[in-house]
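*Asks:*
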Amino acid sequence: QLSGDPHIVYDKVVAASEMMHGDRNGAIAYLMGSFGNFENEVIPVLQNYFHACALKMSCVDLAQTFSYLANKGTSVRTGTPVVSPTQTKQLNALLATCGLYDGAGEFAYRVGMPGKSGVGGGIIAVVPGEMTIAVWSPELDAS
Numbered sequence: 026q027l028s029g030d031p032h033i034v035y036d037k038v039v040a041a042s043e044m045m046h047g048d049r050n051g052a053i054a055y056l057m058g059s060f061g062n063f064e065n066e067v068i069p070v071l072q073n074y075f076h077a078c079a080l081k082m083s084c085v086d087l088a089q090t091f092s093y094l095a096n097k098g099t100s101v102r103t104g105t106p107v108v109s110p111t112q113t114k115q116l117n118a119l120l121a122t123c124g125l126y127d128g129a130g131e132f133a134y135r136v137g138m139p140g141k142s143g144v145g146g147g148i149i150a151v152v153p154g155e156m157t158i159a160v161w162s163p164e165l166d167a168s
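Last residue of the sequence shown: number 168 in our numbering, and the count goes up by one each step with no gaps.
1) Using the three-state DSSP reduction, which class does V152 fall into: helix, strand or coil?
2) Closest to P69 by CA distance: which of V85, G51, I33, D127 is it?
3) Under three-state DSSP, which class holds G147?
4) Can you find the residues in the same chain that come closer than 8 Å, C-beta to C-beta, to N58, ignoring five residues on each side of it along the sequence?
5) Would you say the stretch 77–95 touches the stretch 140–155, given that touching needs at least three Cβ pairs under 8 Å?
6) DSSP has K81 in a bridge; who is on the other side?
7) Would K141 and G130 be called neighbours here (beta carbons separated by less than 8 Å)?
8) Specify the secondary structure class of S142 as computed by DSSP and reduced to three states.
9) Which residue spans inside the stretch 95–139 form an unbroken alpha helix (DSSP H) run of at least 4?
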């Protein structure tokens with residue numbers, strides 16, 4: 026719904042690969058559950074997460090989907106709140122500190138915007154109050 030494109034699907038091969046190599050994600054989810062910070066069954070949540078990691082989207086879809094992060098939590102396309110302004114700040118802070126995994130610090134230094142990379146090569150950056158930017162690059166490196 027966020028992108029406005031009803032034809033977005035996930036790549037089954039990528040999702041299966043994510044599942045096969047998702048031991049750390051599972052461990053983190055079960056650890057969160059042990060502290061009472063996980064409200065749902067772990068396996069279905071992980072399956073949904075791996076499918077989300079494998080979404081096949083264009084740069085336009087990516088920019089549109091994440092535009093609420095540049096608009097105080099409100100969808101630019103529909104005008105509907107997605108998250109609160111406070112949650113938007115929190116999400117952007119998370120993206121700035123870990124959205125590009127081990128490359129987050131370098132990205133922050135060179136680009137200066139919160140960002141998120143995907144396993145398929147899509148990268149989004151957020152300019153709060155202005156816009157989102159989506160680009161495509163080679164797939165993720167080892168880091």
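In this text, a Cβ means the ideal position worked out from N, Cα and C, and glycines have one as well.
*Replies:* With the given structure in hand:
1) strand
2) G51
3) strand
4) Just to set this straight, residue 58 is Gly in the shown sequence, not Asn. Same-chain partners within the cutoff: V67.
5) yes
6) V34
7) no
8) strand
9) 110–123, 129–135
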